[in-house]
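Engineer: Take a look at this one; I'll ask things after.
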Amino acid sequence: MEALFWVREKNGVKCNLCAWNCFMKNGEKGYCEARENRNNNLVPLNFGKLTLMEVKDIEEIPMFHFVPSSKTLLINSIGKNLKGRYFSSEILKEKGRKVEEVSPEDLIEEAENKKVSSITFGGDAEVYFEFAYRVARFAKRSNILTVFSTHGYIEEEPIKKIGKYLDGAIVNIIASADPDFYKRFVDVEDITPIFSTLKQLMKQRVFIEISNTIVPKLGDNLELCKKLAEFINAELSSEIPFHILQFYPSSSLPELPKTPVKTLEKCAEEARMAGLRYVYISNLDSYKNTYCYNCREPLILRKKKKVEIKLAGDRCPTCGLKINLLIR
11 MEALFWVREK NGVKCNLCAW NCFMKNGEKG YCEARENRNN NLVPLNFGKL TLMEVKDIEE
71 IPMFHFVPSS KTLLINSIGK NLKGRYFSSE ILKEKGRKVE EVSPEDLIEE AENKKVSSIT
131 FGGDAEVYFE FAYRVARFAK RSNILTVFST HGYIEEEPIK KIGKYLDGAI VNIIASADPD
191 FYKRFVDVED ITPIFSTLKQ LMKQRVFIEI SNTIVPKLGD NLELCKKLAE FINAELSSEI
251 PFHILQFYPS SSLPELPKTP VKTLEKCAEE ARMAGLRYVY ISNLDSYKNT YCYNCREPLI
311 LRKKKKVEIK LAGDRCPTCG LKINLLIR
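If you count the sequence shown from 1, you need to add 10 to reach the working numbering.
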């Protein structure tokens with residue numbers, strides 16, 4: 011099959027799917043290693059080739075306001091469009107995973123059999139865009155919700171195309187979008203596409219949640235966390251759930267410890283002070299609960315695998331305030 015979002019140019023093809031905009035001569039692959047120029051036609055190498063297909067709690071994605079307490083079928087495929095030292099161990103793990111070939115129709119059937127509420131396109135979902143797009147269209151017909159996981163390094167036109175079929179998106183940011191961190195550890199020179207992705211998802215009315223992994227010593231600047239939260243508040247919405255994530259040591263950065271809890275708490279406080287109403291430290295049970303920002307009534311209590319919902323529909327039962335949620 012032919013890939014989406016590319017053009018022929020002299021001596022090759024140019025991919026316009028993600029922000030790398032790779033130029034490929036005949037026989038060459040893109041940066042993601044999932045798209046190849048074959049006789050001046052761009053083809054996806056990973057259509058239906060899944061490295062993961064597993065039922066998860068939606069809170070693990072993490073999505074706290076998207077059909078709380080529901081189950082999702084999490085999938086992933088071959089390829090990655092962000093690399094660098096930060097992702098090196100993750101890329102090695104992916105290369106060792108068994109690949110299972112699944113058609114979009116079979117995936118929908120699997121979701122129906124597992125009785126999940128949604129399908130989550132995990133990893134860098136844009137890398138297997140053609141498959142995700144086909145599944146999202148079929149899922150809409152079958153009344154199954156879809157969630158798009160991304161680090162945001164994607165062009166706007168693909169978001170417009172798939173956006174009409176998506177229900178939710180989790181945009182995973184690292185080190186509060188510190189430009190220096192992205193240059194040194196992710197090999198990304200320009201982080202502008204990440205913010206464009208957030209704005210475009212908002213325009214497409216996709217339900218957005220945002221995660222921010224705080225990397226100790228290298229990517230834990232409080233001022234940058236504050237600036238990221240201010241951007242979300244000013245350009246998107248103060249009601250977008252914002253997840254502060256703890257970094258854990260890996261073979262990619264073995265010299266780093268896990269992020270201290272105090273650092274996470276300071277980042278969460280900065281985000282709240284910047285105006286965000288739903289700030290979570292997703293790795294810590296004591297910071298996972300959802301409260302009404304008007305009267306502080308506890309609305310969703312989360313402890314380990316247990317989720318207790320005290321909402322009246324999508325409203326606070328005490329003051330009646332409408333909460334930013336997607337419920338079924």
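From the three backbone atoms N, C-alpha and C, an ideal C-beta is built for every residue, glycine too. All values reported here derive from a predicted model rather than from experimental measurement.
Quick check: what's the CA-CA separation for D134 versus T160?
Structural biologist: Position 124 of the sequence shown holds residue 134. Position 150 of the sequence shown holds residue 160. Going by the C-alpha atoms only, they are around 5 Å apart.
Engineer: Nearest CA to the CA of E104: which residue from R215, S127 and G132?
Structural biologist: Numbered from 1 along the sequence shown, position 94 holds the residue referred to as residue 104. Of R215, S127 and G132, the residue nearest in Cα terms is G132.
Engineer: Where P267 and V225 are concerned, what is the direct C-alpha to C-alpha distance, given to the nearest angstrom?
Structural biologist: To locate residue 267, count along the sequence shown from 1; it is residue 257. To locate residue 225, count along the sequence shown from 1; it is residue 215. Cα-Cα distance, rounded: 9 Å.
Engineer: Could you pull out every residue in the same chain whose Cβ sits closer than 7 Å to the Cβ of A278, ignoring the five residues on either side in sequence?
Structural biologist: Here the question's residue 278 lines up with position 268 in the sequence shown. Hits under 7 Å: I254, V289, I291 and Y297.
Engineer: For the alpha helix (DSSP H) holding S206, just list the boundary residues, first then last.
Structural biologist: By one-based count along the sequence shown, residue 206 stands at place 196. S206 -> alpha helix (DSSP H) spans T202 to K213.
Engineer: Shortest alpha-carbon distance to L246 belongs to which of E265, L286 and R325?
Structural biologist: Along the sequence shown, one-based indexing puts residue 246 at 236. Comparing Cα-Cα distances from L246 to each of E265, L286 and R325, the minimum goes to L286.
Engineer: Just to confirm, is the Cβ distance from I164 to A29 under 9 Å?
Structural biologist: The residue given as residue 164 occupies position 154 in the sequence shown. The residue given as residue 29 occupies position 19 in the sequence shown. A contact, by the Cβ cut-off of 9 Å.
Engineer: Could you name the residues of the same chain whose beta carbon sits closer than 7 Å to that of Y303, not counting the 5 residues immediately before and after it, in chain order?
Structural biologist: Along the sequence shown, read from residue 1 onward, the residue named residue 303 stands at position 293. Cβ within range, chain order: R287.
Engineer: So, is the C-beta of N36 closer than 9 Å to a C-beta in chain B?
Structural biologist: Included in the structure is just one protein chain, with no chain B present.
Engineer: Between the Cα of S262 and the Cα atoms of G323, E100, V17 and L52, which residue gives the shortest distance?
Structural biologist: For this step, residue 262 is matched to residue 252 along the sequence shown. Comparing Cα-Cα distances from S262 to each of G323, E100, V17 and L52, the minimum goes to E100.
Engineer: Count the other CB atoms, across all protein chains shown, that sit within 10 Å of the CB of P327; report buried if there are 16 or more and exposed otherwise.
Structural biologist: Sequence index remark: in the sequence shown, residue 327 carries index 317 (1-based). Answer is exposed; the Cβ neighbour count stays below 16.
Engineer: For I202, does the count of other Cβ atoms within 10 angstroms reach 16, so buried, or fall short, so exposed?
Structural biologist: In the sequence shown, counting from the first residue as 1, residue 202 sits at position 192. The sequence shown places Thr at residue 202, rather than the Ile named in the question. Answer is exposed; the Cβ neighbour count stays below 16.
Engineer: For I180 and M73, which I take to be in contact (beta-carbon distance under 8 Å), what is that distance rounded to the nearest angstrom?
Structural biologist: Here the question's residue 180 lines up with position 170 in the sequence shown. Here the question's residue 73 lines up with position 63 in the sequence shown. Between M73 and I180 the Cβ distance is about 6 Å, and since that is below 8 Å, they are a contact.
Engineer: So what does N222 bridge to, in DSSP terms?
Structural biologist: Taking the sequence shown and counting its residues from 1, one reaches residue 222 at position 212. I183 and I254.
Engineer: Please return the same chain residues whose Cβ sits closer than 8 Å to the Cβ of N50, not counting the five positions on each side in sequence.
Structural biologist: Indexing the sequence shown from 1 puts residue 50 at position 40. Counting only Cβ-Cβ distances below 8 Å, and skipping sequence neighbours, we find R18, G22, V23 and N36.
Engineer: For the candidate residues F148, F141 and R95, whose alpha-carbon lies nearest to that of I118?
Structural biologist: The count along the sequence shown starts at 1 and reaches residue 118 at position 108. Minimum Cα distance to I118 is reached at F148.
Engineer: Identify whether P54 lies in helix, strand or coil by the three-state DSSP scheme.
Structural biologist: The sequence position of residue 54 within the sequence shown is 44, counting from 1. If DSSP states are grouped into helix, strand and coil, P54 belongs with the strands.
Engineer: Between which two residues does the alpha helix (DSSP H) containing G394 stretch?
Structural biologist: Any property of residue 394 remains undetermined from this structure, which presents the chain solely from 11 to 338.
Engineer: With distances taken Cα to Cα, identify the nearest neighbour of I319 among E233, I250, T300 and K332.
Structural biologist: Looking up residue 319 in the sequence shown gives position 309. Taking only the C-alpha atoms, the option nearest I319 is T300.
Engineer: Tell me the residue span of the alpha helix (DSSP H) that contains R312.
Structural biologist: Locating residue 312 in the sequence shown gives position 302, counting from the first residue. Run containing R312: none in the alpha helix (DSSP H); it sits in the beta strand (DSSP E), P308 to K313.
Engineer: Does DSSP put S159 in a helix, in a strand, or in coil?
Structural biologist: Locating residue 159 in the sequence shown gives position 149, counting from the first residue. The answer is strand: DSSP assigns S159 an E or B state.
Engineer: Provide the residue(s) that pair with W16 in DSSP beta bridges, ordered along the chain.
Structural biologist: Taking the first residue of the sequence shown as position 1, residue 16 is located at position 6. Partner(s): C25.
Engineer: Roughly how many angstroms lie between the CA atoms of E122 and N293, to the nearest whole one?
Structural biologist: Here residue 122 corresponds to residue number 112 of the sequence shown, with the count starting at 1. Here residue 293 corresponds to residue number 283 of the sequence shown, with the count starting at 1. Looking at the two C-alpha atoms, the distance is approximately 30 Å.
Engineer: Where DSSP assigns a beta bridge to L62, which residues make up the other side?
Structural biologist: Residue 62 sits at position 52 when you count from the first residue of the sequence shown. For L62, which the question treats as bridged, DSSP gives the partners N86.
Engineer: Using DSSP bridges, identify the partner residues of T130.
Structural biologist: Along the sequence shown, read from residue 1 onward, the residue named residue 130 stands at position 120. BP columns for T130 point to L84 and V157.
Engineer: Leaving out five residues on either side along the sequence, give the residues of the same chain with a beta carbon under 7 Å from the beta carbon of D188.
Structural biologist: Indexing the sequence shown from 1 puts residue 188 at position 178. Only G229, N231 and L234 meet the Cβ criterion.
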